[in-house]
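Q: Pasting a structure below so you can have a look.
In our numbering, the protein residues as written are 159 to 424.
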């Protein structure tokens with residue numbers, strides 16, 4: 159009903175769009191083995207019977223910029239409504255909004271805007287943790303200065319959703335380091351691009367006169383990456399990162415990024 163209303167009462171255009179994207183995703187046409195009379199019915203039957211992972215892929219396709227014409231330009235409204243549905247049904251997912259930035263076109267016709275980040279379906283641990291950690295971090299990372307950190311953190315959330323837990327831990331630390339580098343750059347704290355997590359953290363702690371007991375809890379993101387992440391070779395024994403560890407890494411990274419930002423700009 160939501161998609162039909164956004165497209166002026168018709169589902170055909172959005173289902174035609176989804177059918178093309180899903181056919182490419184799963185590598186077959188028709189999408190299902192059911193007897194159907196149209197691509198619209200084929201898409202509907204696929205969405206009714208597919209795995210959760212493919213259904214979430216379909217949701218992402220709907221809120222991407224490519225689907226703009228199918229939603230009557232109401233992507234943001236559709237994202238808000240979908241998040242309401244997810245929250246009411248207590249489903250462990252959240253859809254981020256697109257990120258845009260001002261942009262000077264090459265033809266010198268004035269300033270325009272361009273898309274930096276598409277909407278993504280990300281995991282949501284619990285409503286409380288999402289509202290107090292993940293959502294504030296995403297809000298912080300929407301600022302243009304943190305665009306690279308945002309890309310890395312969104313990638314970590316996507317890795318978690320797709321059960322790539324080692325990669326998730328690694329990208330959490332990459333995002334954390336990026337945030338600290340932006341803070342150091344904006345505040346004039348001396349640093350180099352090659353500085354490690356621990357060195358960046360100590361720089362910020364020293365410049366903001368933080369007590370030394372903060373170092374251990376704020377360094378855990380880097381420690382997890384060094385011990386469990388996919389950035390280093392496993393050696394003789396494969397590294398296996400459990401889901402709950404990756405979940406912890408996401409939540410502690412989000413909290414640490416917001417905390418250090420608030421500390422530096424208080």
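The beta carbon of each residue, even a glycine, is placed where N, CA and C say it ideally should be. This one's a predicted model, so the numbers in the text were calculated from it and none came from an experiment.
1) Give the single residue among 238, 259, 303 whose Cα lies nearest to the Cα of residue 278.
2) Return the first residue and the last residue of the beta strand (DSSP E) that residue 251 is part of.
3) With DSSP collapsed to three states, give me the class of residue 277.
4) For residue 285, which of 297, 251, 416 has the nearest alpha-carbon?
5) Exposed or buried, what is residue 355 when buried is set at 16 or more other beta-carbons lying within 10 Å of its beta-carbon?
6) Skipping 5 residues on each side, what residues in its chain have a beta carbon closer than 7 Å to that of residue 216?
7) Mind the definition here: the segment 189-209 touches the segment 239-248 only if three or more C-beta pairs lie below 8 Å; say whether that holds.
8) Hey, how far is the Cα of residue 297 from the Cα of residue 409?
9) Can you tell me whether residue 249 is buried or exposed? The criterion is at least 16 other CB atoms within 10 Å of its CB, across all chains shown.
10) From the DSSP output, which residues share a beta bridge with residue 258?
11) Just verifying my parser: in three-state terms, what is the DSSP assignment at residue 297?
12) Return the residue from the list 406, 221, 235, 173 that minimises the CA-CA distance to residue 200.
13) Can you check which of these residues, 195, 382, 193, 225, is closest to residue 325 by C-alpha distance?
14) Suppose contacts are defined by Cβ-Cβ distances below 7 Å. Is residue 366 in contact with residue 349 by that definition?
15) Report the CB separation of residue 312 from residue 259 in whole angstroms; it is logged as a contact under 8 Å.
16) Need the endpoints of the alpha helix (DSSP H) that residue 365 sits in, please.
A: Looking at the atomic coordinates:
1) The candidate whose alpha carbon is nearest that of residue 278 is 238.
2) 251-253
3) Coil.
4) 251
5) buried
6) 176, 180, 205
7) no
8) 15 Å
9) exposed
10) 273
11) helix
12) 173
13) Cα-wise, what sits closest to residue 325 is 382.
14) no
15) Contact doesn't hold; Cβ gap of about 15 Å is too wide.
16) The continuous alpha helix (DSSP H) containing residue 365 extends over residues 355-365.
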